[in-house]
Structures are given as C-alpha cells and as structure tokens.
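Top line first, the protein sequences correspond to chains A and B. Residue 197 in this note's numbering sits at position 195 of the first sequence, and the numbers go up by one each step. Residue 130 in this note's numbering sits at position 82 of the second sequence, and the numbers go up by one each step. Glycine included, each C-beta is placed from N, C-alpha and C at the ideal position.
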Amino acid sequence: MPVMTYRQALRETLREELQRDPDVLLIGEEIGAFEGSYKITEGLLKEFGPRRVRDTPIAEEGFVGAAIGAAMLGLRPIVEIMTINFSLLALDQIVNHAAKIYGMFGGQTSVPLVIRTPGGGGQQLGATHSQNIELYYSFVPGLKVLAPSTPAEAAAMLRAAVRDDDPVLLLENLGLYNSRGQVPDTAEVAEIGRAAVVRPGRDLTLIGYSRMVSVALQVAERFAESGVEIEVVDLRSLRPLDRATLVESVRRTGCAVVAEDDWLTYGIGAEIAATIQEGAFDHLDAPVRRVAMAEVPLPYAKPLELAALPNVTDLATVVEQTLRATRRVGA
Amino acid sequence: MAESPVPGTTAEAEPGPIPDLPRKRRPRSRKPKAIDGTEPEQLLEYLRLMLLIRRFEERAAQAYTQARIGGYCHLNLGEEATVVGVTQAMEPTDYLFTNYREHGYALGRGIDPGRAMAELYGRTTGVSKGWGGSMHMFDAQARLMGGYGIVGGQLPLAVGAALAVSYRGSAEAVVCHMGDGTTNIGAFHESLNLASLWDLPVVFVVVNNQLGMGTSVEQSCAEPELHRRAAAYRMAGVRVDGTDVLAVRDAVREALCVARREQRPTLVEAVSSRLRGHSVVDPARYRTPQEADAAQREDPLPRFQHRLREAGVLDDRTLADLQSAVAAEVTRAAAFAEESPHPQVASLFDHTYATAVANESRRLPADALFDVEAPACQ
Ligand SMILES: Cc1ncc(C[n+]2csc(CCOP(=O)(O)OP(=O)(O)O)c2C)c(N)n1
Ligand SMILES: [Mg+2]
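Shown next, in the form of structure tokens:
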C-alpha cells in the first residue's frame, strides 16, 4: 500500500478518472498551465491536453454553470474552485441550478458534476480566504457533500463523486494537502452517505470531519495514555448525514463532543448535537459539547488567528470537561 | 378577470388598421404567393402556431384566475412571432434553454399542449411531471432543456451545453432565450465572454419586450441597444423586429448556421411588446394608456394575418378554420389537464437524487429522526 500525500492522492485519482472515462474533463481557474493554485492538477494539462483540462477566466458563476450544462448533456465535469470562499460567486448556479435540475424537471435529467474545493483557515490568509462554509452546501437537498480527512478517503471519495450521477461537492482542506497516509492501490470507491468509526472506544464519542478528524485522533491518543478510550467518528459525508452511526456510537459511550472548523452558531455541530439529543437522549450522561472556531471574521495576525481556530488543546479540554460531567472520571 | 379577446383571435374581426403599412388596399391576387421564399403551407403553419400560443396563453390566464393554476404565470402574449420564429428556425436536434416565460417555446418545440397545460395544473402527466410548474418545463425528447426561474440562470447552462456539443464535435447547436432585463445580470456577461472565448455553437436570443417587470430598458440598461452588448465580447449582434415571424426565423436560422459552420456564438435581439402585465396578476399600472395602446398596435398576430391576406395566402375561411382548430386543441389540452391525476404524496422523495444514496432523508415534517416507540436507529 503506497504512502502518499492528500494532494498526490487527489492528483492520481484525477489522472485515473481522466484515463478511464473520455467524458470526464477538468474545468477551473489556473488548473492548466499554472497547474492549480495548490498544484493538484500538476502535469495533467501536459498529459491530457486543453480539451480535457480547460482553463477558465475568473468567472465562477459562468464556469460552474457551464459545467452543470455540460453535465446535463452527459459529460462528467470535475470543476475546481480555487478555495471554497470563491464558491460564493457561484452560489446561484450550485444551489439554484445544480441542486434543483434533477428534481425540478421530474427526474428527467441528472447533473453528474463534481466540484472540488478546499476550505481551511490557519494559513494567515485573512477573513475572506479562510472560511469553512461547507454548511451552506450541506444544507441543500439535491447536493451531496463529502469531506475526506485522509489521502485514502480523498482518493476513494473523489472516485465515488466522479462516478455518481448527482452534483457532489468534495470539500478538501488547505491544511491537509501535505498530510500523508497509506492509500490502497485497489481503486476503492467510497460509499457516499456513510460515516466511519475510525477509532473504537467506549468512554466518549468524538465526532469530526475533514481536518478535525486528525485533531480528534491526536486527542484520543493522548487520553489513551491514561486509559480513557475515546471513539472517533469521521462524518465523511455531510449530506446525506449518517445519523445512525453517530447515535449508535453515543448510545454506547453515553457522551459526545463535536469538533468543527466552522463557526458554532447554526454550524454543522449544531445539527450533530440535535441529532444526538433526539436519538440518544436516554443514554446521555453529559451535555453534548461543541468545539468550533471563534465567531469572528478570521484575523490575519498569527496570535489572533491561532486563538480563533480550534486545536488539540481546546478539544482535549472540552473532552476532559465532558468526561468529568459524566462523573465517570475523577471529580 | 374580464377576458377581452386579443385582436387576431376572433374569427369575425378583420385585422385592425396597421399604421406602419400602406392603407391603400391592393387587389388580392387569386393565387397564393410565397413570402420571401416561404411557401404558403409553411406560412399558414406559422400562423397556426402563433394562434395556438395566443389561445393557450389566454386559457392559462383564465385557469390561473380561477385558481386552477398556482405559483407565478408569465405569458408570451405579444411575443408569438418571436417564439415561433425562434423555435421554427431550430433543428429537432438543437437544444433550447429558456427563462420562465416559456409556455410558447414548449409548444413551438412540438410539445403536446395537453402535457404543457398539465404541467401548469401540476399533474403527473405534465412535461415535468408536476415538479416544475409554469416556470420550469423540461422535455428531453423535444430538447427543451428547461425553463429557469432565476433571471440569467439559464445562460451559463446553455454555454455548458454548447461546450458539450463542441467537446463531442457534433453538429447540434444551442439556443438560449432571455429577456431584455437579463442583459444586466453578471451571468449574462460571464456567459457571453465564455461562449465567444471558447468558440461555442450557441445563439443568445434576447426578447426585448421593453420591460423587465415594470422597469424599462432605458431605465435599466446603460446601452439600451441590447444587440450592441455583444460587441464587448467580439460577438456578432443583430436586432430584428420581434413581431415579424419571418425576420426572427431568418435571423436565428442564420445565427444557427454560423454556430454550426463556424462554431461562433451570436446574439439576436428581437424587439416586441408585452401585451399584458409581467405575469397574470400584474395590472401593469406603470404603463400609461398611450403606452398600453402602442403595445396593442405592435400585436404580431393581426400584422401577420394582414401580410398573409395581402399575399393571398389567407382568407376568412382559412382563418376561421385555423382558429376553431386551435381553440379545439386548447380545449382538449385543458380537459386533459383537468382529468389528469395529481401526484401521489408517496412520490415526494422520488427525485432528490439520480444515484440512490445511503441515509437519504425521507422524513415528513412531523416525523421523528428515530423511531420513538422502539429506540433503534432508522
Ligand atoms: C435573479 C433574479 N432576480 C429577480 C427576479 C425577479 N424577476 C423575475 S422576472 C424579472 C424581470 C425580468 O425581465 P426580462 O429579463 O426583461 O424578462 P421578461 O420578464 O420581460 O420576459 C424579475 C426582476 C428573478 N426571478 N431572479
Ligand atoms: Mg423584458
């Protein structure tokens, strides 16, 4: 099983999918000669040419919409939006068109479209370039939203997204592009709509997605040293949301903490907490807590940015408090 | 609402005086003549379609005011020549994207009026199975790629369809319809730029009915000669009389030719007048009586009828026959819609995703997320 970065896993999968299916094409700003703002598409223009790897002007609404229209005629475009912040310029096409066309026309035409885009703060990019707004898309029926947390998941989910007949938003993460991990060479296709227990444990359920899964795993590792077994659940699919896996876990552990990189109020964690209280109310020994970004436009200055973003210490603190609240650990 | 028949639909009425044309009656020639190379049969077919759209829209307005139709209801009244000109210039294999003012385009593409009316009624037999309504008609076979309710939303999609055609190297072309007000939205400019930059076989048809809801072109467009906006994208732009079915057909046909032959986009602006309000409920108080009268004088139906009479193609008898035929067709369409079934509530979750997916939500408003009786996960 080769070890590679998240970036390499995405690139290799793009290459394989371009080779496998002549209807697959890449569309986006600076993905060709520039090889992608984050170099995901490095070498692909050279290998596949401008027909398959299409550079666009800076016109998110236009080229996302064009990809939707091409998908309606049976092509399978993979669009790169430089970062999720710029997807706001294409919000109308994603929400009012990609998500609606299948249902609104009575199931007569599907939209086999993939939108790849990274979220993530912590790069000192300031308020407009550091948002985690995947919630906007996770809110919308008709879209599927995937958030891979490892190189293996990135490959398997991208493959699933390309082969799916619905519009899929693949949430990448700036902070994960250089992360490394084993990627099976069996060309696995992820199942959309499924969460995964990535570390079993019986004392507390820690729930995250994308970058926060690795933060959660570090926290679990830390607690394991003192004999506390934390179960880590990777949401993987933000829409559809696998409520059953979450609730099943919390029913066993009796308490839960959600780790999210977005803002807390109305955020993804709010939906998770609501799900848990409805599905595991009688099993809860402590309130469900959420660890999330401070509710400010993310500042540029490093100490401020660091303070605003959730980290291992924040998560460990809240896990500790939650465990105490269950009165199962030393009072 | 009082249904005053619009000129051109009553069998008895002679077309009213038309100020732009010479008043002097020329002697009628006995033998029907072709007009600009279009054979009499074809001309009568255009007239039939225009009459059909007129009658269909009047019937839709009536059904709307009787609350048989919900939502918004935008009509093509006054735009029949443009609708017929555009749709009849297209090949059956060409793709059409429209805005929400689209009933006529569906009929022009050969969709059965019953299925179009049933969509307005929200029935399973409707073109979009009752999921779209007046603004969102789609028919794969007719290659009507959808009516779209968001102003400008259809433009990037049409560009993408043309990209797919170009990618595959096929001989089809794409027509994208919009209103004058739509030329001010960002998607218009991004789409024209992409279409020209990428050499795509798409024809943008701007129906300049001189109003976007209650706002005039002069009030909203810094360049009110809308065809000139194409120049910013090195695209050909032409303006035609949208009340002249043959002029519209020829302009769109030529543009489609260029699209197919040279893989170049064109913008065609067709100027006409909206005979009624923005939608059925709009009393159009922003129009002066003079403006409203001027719009009536732009009615394409009496104009075309007059022209056909002059060419000896149309007489009272033929007109009466056509009118009773379309009236019967629309009556049949309405009856079909009335009799068609409403969708079953059980079908509510049939069209969320094309590829079935784990954990798709199928809950109704009062459903619990988990089984409340036996707390096992659902
Ligand atoms: C993005 C957006 N903004 C506003 C509206 C509301 N609206 C519907 S039609 C319309 C006027 C459009 O005018 P025009 O493009 O000239 O088309 P027409 O209705 O005259 O055919 C407006 C403002 C909308 N549907 N979408
Ligand atoms: Mg208008």
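Does any residue of chain A bring its CB to less than 8 Å from the CB of residue i?
{"i": "residue 186(B)", "result": "yes"}
{"i": "residue 320(B)", "result": "no"}
{"i": "residue 413(B)", "result": "no"}
{"i": "residue 94(B)", "result": "no"}
{"i": "residue 69(B)", "result": "Reliability fails at residue 69(B), whose pLDDT of 47 lies under 50, so the model's placement of it is uncertain and the value that follows must be treated cautiously. Taking Cβ atoms only, chain A never reaches closer than 8 Å to residue 69(B), which makes this a no."}
{"i": "residue 398(B)", "result": "yes"}
{"i": "residue 239(B)", "result": "yes"}
{"i": "residue 407(B)", "result": "yes"}
{"i": "residue 206(B)", "result": "yes"}
{"i": "residue 209(B)", "result": "yes"}
{"i": "residue 82(B)", "result": "no"}
{"i": "residue 221(B)", "result": "no"}
Within 10 angstroms of the Cβ of residue i, are there 16 or more other Cβ atoms? Answer buried if so, exposed if not.
{"i": "residue 188(A)", "result": "exposed"}
{"i": "residue 85(B)", "result": "exposed"}
{"i": "residue 298(A)", "result": "exposed"}
{"i": "residue 329(A)", "result": "exposed"}
{"i": "residue 105(A)", "result": "buried"}
{"i": "residue 94(B)", "result": "buried"}
{"i": "residue 297(B)", "result": "buried"}
{"i": "residue 413(B)", "result": "exposed"}
{"i": "residue 69(B)", "result": "Note that residue 69(B) has pLDDT 47, beneath the 50 cutoff, so the model's placement of it is unreliable and the number below is only indicative. The residue in question, residue 69(B), is exposed, as its Cβ has fewer than 16 Cβ neighbours within 10 Å."}
{"i": "residue 268(A)", "result": "exposed"}
{"i": "residue 319(A)", "result": "exposed"}
{"i": "residue 243(A)", "result": "buried"}
{"i": "residue 225(B)", "result": "buried"}
{"i": "residue 270(A)", "result": "buried"}
{"i": "residue 231(B)", "result": "buried"}
{"i": "residue 146(A)", "result": "buried"}
{"i": "residue 305(A)", "result": "exposed"}
Quick one: Cα of residue i to Cα of residue j, how far?
{"i": "residue 211(A)", "j": "residue 38(A)", "result": "24 Å"}
{"i": "residue 83(A)", "j": "residue 292(B)", "result": "44 Å"}
{"i": "residue 123(B)", "j": "residue 217(B)", "result": "36 Å"}
{"i": "residue 385(B)", "j": "residue 160(B)", "result": "11 Å"}
{"i": "residue 289(A)", "j": "residue 202(A)", "result": "21 Å"}
{"i": "residue 204(B)", "j": "residue 263(B)", "result": "24 Å"}
{"i": "residue 31(A)", "j": "residue 316(B)", "result": "30 Å"}
{"i": "residue 402(B)", "j": "residue 108(A)", "result": "11 Å"}
{"i": "residue 302(A)", "j": "residue 128(A)", "result": "4 Å"}
{"i": "residue 207(B)", "j": "residue 92(A)", "result": "15 Å"}
{"i": "residue 407(B)", "j": "residue 165(B)", "result": "36 Å"}
{"i": "residue 249(A)", "j": "residue 207(A)", "result": "10 Å"}
{"i": "residue 388(B)", "j": "residue 248(B)", "result": "41 Å"}
{"i": "residue 376(B)", "j": "residue 174(B)", "result": "19 Å"}
{"i": "residue 140(A)", "j": "residue 118(A)", "result": "14 Å"}
{"i": "residue 236(B)", "j": "residue 200(B)", "result": "6 Å"}
{"i": "residue 191(B)", "j": "residue 173(A)", "result": "33 Å"}
Of all the CB atoms in chain B, is at least one closer than 8 Å to the CB of residue i?
{"i": "residue 323(A)", "result": "no"}
{"i": "residue 112(A)", "result": "yes"}
{"i": "residue 277(A)", "result": "yes"}
{"i": "residue 52(A)", "result": "no"}
{"i": "residue 30(A)", "result": "no"}
{"i": "residue 57(A)", "result": "no"}
{"i": "residue 69(A)", "result": "yes"}
{"i": "residue 194(A)", "result": "yes"}
{"i": "residue 131(A)", "result": "no"}
Reducing DSSP to helix, strand and coil, say where residue i ends up.
{"i": "residue 145(B)", "result": "strand"}
{"i": "residue 150(B)", "result": "coil"}
{"i": "residue 333(B)", "result": "coil"}
{"i": "residue 142(A)", "result": "coil"}
{"i": "residue 278(A)", "result": "helix"}
{"i": "residue 206(A)", "result": "strand"}
{"i": "residue 136(A)", "result": "helix"}
{"i": "residue 3(A)", "result": "coil"}
{"i": "residue 106(A)", "result": "helix"}
{"i": "residue 226(A)", "result": "helix"}
Residue i versus chain C: which residues are under 9 Å apart at the beta carbon?
{"i": "residue 104(A)", "result": "In summary, chain C is missing from the structure at hand, where the protein chains are A and B."}
Can you find a heavy atom of ligand 3 that lies under 7 Å from the Cβ of residue i?
{"i": "residue 230(B)", "result": "The model depicted lacks ligand 3 and carries ligand 1 and ligand 2 instead."}
Go through the stretch 45-73 of chain A residue by residue and report every complete run of the alpha helix (DSSP H) that reaches 4 residues or more, in order.
Fully enclosed alpha helix (DSSP H) runs of 4 or longer: 46-54.
Mind listing, in chain order, the continuous alpha helix (DSSP H) runs of no fewer than 4 residues lying wholly within the stretch 170-224 of chain B?
Entirely contained in the stretch 170-224 of chain B, the alpha helix (DSSP H) runs reaching 4 residues are, in chain order, 202-216.
3 or more residues per run - each beta strand (DSSP E) lying fully within the stretch 244-325 of chain A:
Runs found: 258-265 and 291-295.
Complete runs of the alpha helix (DSSP H) confined to the stretch 260-314 of chain B [at least 4 residues]:
If we require 4 residues or more, the alpha helix (DSSP H) runs fully inside the stretch 260-314 of chain B come out as 265-268 and 293-310.
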